[in-house]
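Below is one structure, written out as structure tokens; the observations come after it.
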Amino acid sequence: SENNVIQIVRLLKHRSLEPIIVFSFSKKECEIYALQLAKFDFTSDAEKKIVDEVFRNAIDSLSSEDRSLPQVESVLPLLRRGVGIHHGGLLPLLKETVEILFGENLI
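Encoded structure:
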């Protein structure tokens with residue numbers, strides 16, 4: 870069964886009340902919610918292309934070692950679906966990318 874957060878997001882999406890911010894004090898819970906929310910798709914194909922471009926431009930400045938970090942590799946599929954994660958455990962570059970995409974209504 871779905872937890873309350875997912876049920877609320879489903880209702881808000883159904884009523885076209887996006888964007889939606891889900892807050893948690895826990896980094897782990899933040900990531901769990903993001904993975905659960907990724908079953909929704911909040912972006913169009915055109916928006917996905919923009920997300921891809923913004924993300925590629927952002928990670929260009931990372932070393933190849935950093936590009937292969939699990940958090941870097943796992944965030945793009947979420948962003949492409951309009952779901953962002955933002956917490957103190959993320960690389961500053963990823964947090965900044967999430968902020969940019971949020972500012973552009975892409976997540």
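If you use this note's numbering, the sequence shown closes out at 976, no skipped numbers anywhere.
The beta-carbon is built from N, C-alpha and C at its ideal position, and this holds for glycine as well.
The structure displayed is predicted, hence computed values, not measured ones.
Own chain residues within Cβ distance below 8 Å of residue i, not counting five before or after
| i | result |
| --- | --- |
| leucine 938 | Leu960 |
| serine 943 | none |
Candidates the options, of which the one nearest residue i by Cα
| i | options | result |
| --- | --- | --- |
| valine 923 | Asn873, Ile875, Lys964 and Leu881 | Lys964 |
| phenylalanine 892 | Leu931, Glu934 and Ile877 | Ile877 |
| glutamine 905 | Ser930, Leu970, Asn873 and Ser932 | Asn873 |
| tyrosine 902 | Gly972, Glu934, His955 and Asn974 | His955 |
| phenylalanine 909 | Ser932, Leu886, Gly957 and Leu947 | Leu947 |
Residue i versus residue j - alpha carbon distance
| i | j | result |
| --- | --- | --- |
| leucine 962 | alanine 927 | 7 Å |
| glutamate 900 | alanine 915 | 25 Å |
| phenylalanine 911 | lysine 896 | 22 Å |
| glutamate 973 | aspartate 929 | 20 Å |
Local conformation of residue i per DSSP, three classes
| i | result |
| --- | --- |
| glutamate 922 | helix |
| serine 943 | helix |
| alanine 915 | helix |
Close-in-space but distant-in-sequence residues of the same chain around residue i (CB under 6 Å, 5 per side omitted)
| i | result |
| --- | --- |
| valine 967 | Gly953 and His955 |
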